[in-house]
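*Asks:*
Residue numbers (my numbering): 57 to 609.
1. For residue 263, which of 250, 289, 284 and 428 has the nearest alpha-carbon?
2. Can you say whether residue 105 is buried or exposed, counting buried as having 16 or more other CB atoms within 10 angstroms of its CB?
3. What does a CB cutoff of less than 6 Å around residue 564 pick up in its chain, not counting 5 residues either side in sequence?
4. Apply the 10 Å Cβ neighbour rule to residue 430 and answer buried if 16 or more other Cβ atoms are within range, or exposed otherwise.
5. How would you call residue 385, buried or exposed, if buried means at least 16 neighbouring beta carbons within 10 angstroms?
6. Can you give me the Cβ contacts of residue 571 inside the same chain, cut-off strictly under 7 Å, excluding the 5 residues immediately before and after it?
7. Compare the Cα-Cα distances from residue 380 to each of 328, 353 and 271 and report the closest residue.
8. Here's a check: name, in chain order, each residue in its chain whose Cβ is nearer than 7 Å to the Cβ of residue 280, leaving out the five neighbours to either side.
9. With a CB to CB cut of under 6 Å and the five nearest residues on each side skipped, what residues in its chain are close to residue 87?
10. Who are residue 364's beta bridge partners in DSSP?
11. Count the other C-beta atoms from every protein chain shown that fall within 10 angstroms of the C-beta of residue 204, then say buried if there are 16 or more, exposed otherwise.
12. Could you compute how far the alpha carbon of residue 483 sits from the alpha carbon of residue 597?
13. So is residue 377 buried or exposed if we call it buried at 16+ other beta carbons inside 10 Å?
14. So within the stretch 205-292, which uninterrupted beta strand (DSSP E) runs reach at least 3 residues, ignoring any that extend past its ends?
15. By a C-beta neighbour count over all protein chains shown, 10 Å radius and 16 as the cutoff for buried, is residue 414 buried or exposed?
16. So residue 523 is in the alpha helix (DSSP H); what residue range does that whole segment cover?
17. Secondary structure at residue 535, three-state DSSP: helix, strand or coil?
18. Looking at C-alpha atoms only, which residue of 211, 556, 412 and 242 is the closest neighbour of residue 308?
19. Can you give the Cα-Cα distance for residue 472 and residue 579, rounded to whole angstroms?
20. Under the criterion of a Cβ to heavy atom distance below 7 Å, does residue 378 qualify as lining the ligand MG?
21. Once DSSP output is grouped into helix, strand and coil, what is the label at residue 370?
22. So if DSSP puts residue 547 in a beta bridge, which residue, or which two residues, is it bridged to?
23. Would you please verify whether the beta carbon of residue 588 is less than 8 Å from any beta carbon of chain B?
24. Locate the beta strand (DSSP E) running through residue 312, then write down its first and last residues.
25. Relative to the alpha-carbon of residue 257, which residue among 282, 189 and 274 has its alpha-carbon at the smallest distance?
26. Counting along the chain, where does the beta strand (DSSP E) carrying residue 440 start and finish?
27. Would you kindly work out how many angstroms separate the C-alpha atoms of residue 186 and residue 75, rounded to a whole number?
28. Please report how far the alpha carbon of residue 360 lies from the alpha carbon of residue 340, in whole angstroms.
29. Taking the alpha carbon of residue 310 as the reference point, which residue from 526, 164, 232 and 214 has its own alpha carbon closest?
30. Under a three-way DSSP split, which group does residue 490 fall into?
31. Closest to residue 396 by CA distance: which of 284, 78 and 68 is it?
32. Which stretch, first to last residue, makes up the alpha helix (DSSP H) that contains residue 83?
33. On the three-state DSSP scale, how would you describe residue 299?
34. State yes or no: is the C-beta of residue 83 within less than 8 Å of the C-beta of residue 103?
35. Touch check for the stretch 316-335 and the stretch 152-162: three-plus C-beta pairs under 8 Å?
36. Do you know whose CA, among 177, 560 and 581, lies nearest residue 327's CA?
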């Protein structure tokens, strides 16, 4: 598996999104010392940017410069070749080459797929869904690889800058936006657009928003908070078709979303926010085994080809046991979160750096860290939601038992604590085993959410009196969260593993805003859920500086 002696390890990366760019940054030392030669292929004509912030960009609250994570120019200074606006069309596993839409062919010793995910398009009359199985890719491969979707005018997803431009046009005119789907990204867009002056309605088929993350109580409180923020919510409505109107520029334009129960919800723009699926097209065409993404083992190498690797939203990590290899459908799938993708990129880069320097596989490098369930945060003005784990259990539920009548968790009985104040948009549920937090949902209680996140991440026990945590958001709260929240070793940004100590050091060196901290430490540049905690650390540093100033005579 080692490259030919006497030349650099040739690495081709397909994908210049946040994960592919992070991988390139981490491999840069090997490129600088000549042990690695690397080319990165990016389909979009711009530098790597944080897709989590596309909704903010669409309403004008975040500029492209603030979203940019890594530039091609900076990587070029390290000797890394970055091809923006270029599409990989085919992988030839026999010759170990990647063919580009420009006609160029790139040879590789290691191929890293960081192709990310594309937005799902639901089944709707009036919207063409592109099949992406092997027969369709073999017949229409070029058009499918060059474009994710062929949507009618007035219909978009929310995955790239072109989608942001479509939303921005409607927001500027004060038009009406229909969001189909009530997940985190769709709701963040809805709240941001409503705050910017658009008329926004969210349509979803379940009883409450964010059904994958919230229980019924939390979802009900969130639905009320959305309406209070100016977002109309239509639940229990399964979308069936879209209606069109004649476009003055020619052709047809979205006019209305039609639901199975007969509703006709008019608007100027339909935003599809119905989840994502891994971009596995290249792997499928190359005969590489896929599941919900490119199937890779714990070492991130493909089940089908030890020279091909996958990281980020396109990587379905699963140990390739003989039993699973024989199954047509396998469990699991990509994490869908930026933090785990970055950690995969960093681990794989370390592997290749060792391999390139030693001329062989890195035997001393352990497997990537096992990921815990990550917190999901809805970030919007006046609507604060944080959740993690399975929060469906209720205080009065009886735990399941085995055939002999014993509890499934005999040594760790479950405890569920709930506090609700729907009139003021507040709700907290905490689920513990032996006092240790295993899942929670927190709405409208930002300080409590921050403390619960710290306790969850650290595996700490909750206080016996759970109401102590609720008082953090009370009017008589003193000092906010506990002292442990500001201990130097406490992790603030889980996506990038940045601690309070690193943020304080950066603040003392002149990085006094959240944006500056992001540039200095990467904290807050992932999901964005930690920006409030970064601000709290900066405030504490500023308070300390003020207290240390000499008193004027």
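Ideal Cβ placement from N, Cα and C applies to all residues, glycine included.
*Replies:* This is what the structure holds:
1. 289
2. buried
3. none
4. buried
5. exposed
6. 122
7. 353
8. 478 and 481
9. 94, 134, 135 and 136
10. 167
11. buried
12. 31 Å
13. exposed
14. 232-236, 255-259 and 287-290
15. exposed
16. 523-526
17. Summary for residue 535: the model assigns pLDDT 49, below 50, so the residue's position carries little reliability, and this model does not support an answer.
18. 211
19. 32 Å
20. You won't find the ligand MG in this model; it holds no ligand whatsoever.
21. helix
22. 555
23. Here there is only one protein chain, and chain B is not present.
24. 308-315
25. 282
26. 439-444
27. 26 Å
28. 11 Å
29. 232
30. coil
31. 78
32. 74-88
33. strand
34. no
35. no
36. 177
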